[in-house]
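Counting from 1 along the sequence shown, just add 32 to a position and that's the residue number in our numbering.
Ideal placement from N, C-alpha and C gives every residue a C-beta, glycine not left out.
Note sheet for the following structure.
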Amino acid sequence: VLYQKPVIDDLKVIAVNDFCVENILFWESFIKIKELTYQCLTNTGEFEEKKPSIKIESIKTMNKSLTGLYSNSEHRNSKNYFTPDDYKIYDIDPNIPLDSRLVPYYISFYNAFIDPYGPVTVNVSSDIASNIFKNLFNNPTVGVFDEAKNDVITSMFLTLYPQYINLHFNK
């Protein structure tokens, strides 16, 4: 269900009304981080070998999206439906060391969603946040945010999904 753009859009509306939109923004940004990680590991997209380095504009764009400044026009040309198989290629071994080219993206993600003073901090336990901080700044791997992702998905399932079901199936 979380791979369907219309569902995510509906969940955003519900989340805004319940003051928990940070979970949806986290999920969307988590997928973007996984896409970038895959591109980096395969030298495609943003990380093609012919490109000398990541442009500062790319990092600014990622920072903008990470703080939840999405525009409708940004998604006009995107697919409305994804299957979990579309994202299977992003199932990357979480223990792979983080490539230095990805560090700015991962730090931006941390600052936006995990840092207690971030603009859209998600509600994860202090133990999880502490582990992420320790791992990100000492021995980062591509799976550093996976435990937080699991917490956020559980939270969305318990809080937003029942309202989504109610909205669409109990009219």
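Residue-chain proximity (residue i, chain C), Cβ-Cβ < 8 Å
i: C72; result: Judged by its chain identifiers, the structure shown contains no chain C, having just a single protein chain.
Within 8 Å, strictly: CB atoms of residue i and residue j
i: L134; j: L68; result: yes
i: V154; j: V174; result: no
Beta bridge counterpart(s) of residue i as assigned by DSSP
i: P129; result: T173
Among the options, the one whose alpha carbon lies nearest that of residue i
i: I65; options: M188, A161, F177, F201; result: F177
i: N170; options: F62, I139, T153; result: I139
i: V156; options: T76, S187, V174; result: S187
i: M61; options: S132, A144, I128; result: Here the sequence assigns Ser to residue 61, which means Met is not the residue at that position. Closest by alpha carbon: A144.
i: S132; options: P126, D159, P172, S158; result: P172
i: I160; options: F141, N182, V152, N55; result: N182
i: F165; options: N55, Y142, P126; result: Y142
As assigned by DSSP and simplified to three states, the class of residue i
i: D178; result: helix
i: I146; result: coil
i: E80; result: coil
i: N155; result: coil
i: D41; result: helix
i: N75; result: coil
i: D123; result: coil
i: L134; result: coil
Sequence-distant residues of the same chain with beta carbon closer than 8 Å to residue i, five excluded per side
i: I124; result: K66, T69, Y70, L73, V174, G175
Spatial neighbours of residue i in its chain, beta-carbon cut-off 6 Å, leaving aside the 5 residues before and after
i: N167; result: V176
i: E179; result: I160
i: G77; result: Q71
i: E54; result: V152, V154
7 Å CB neighbourhood of residue i in its chain, flanking five on each side removed
i: E80; result: none
i: P126; result: T173, V174, G175, D178
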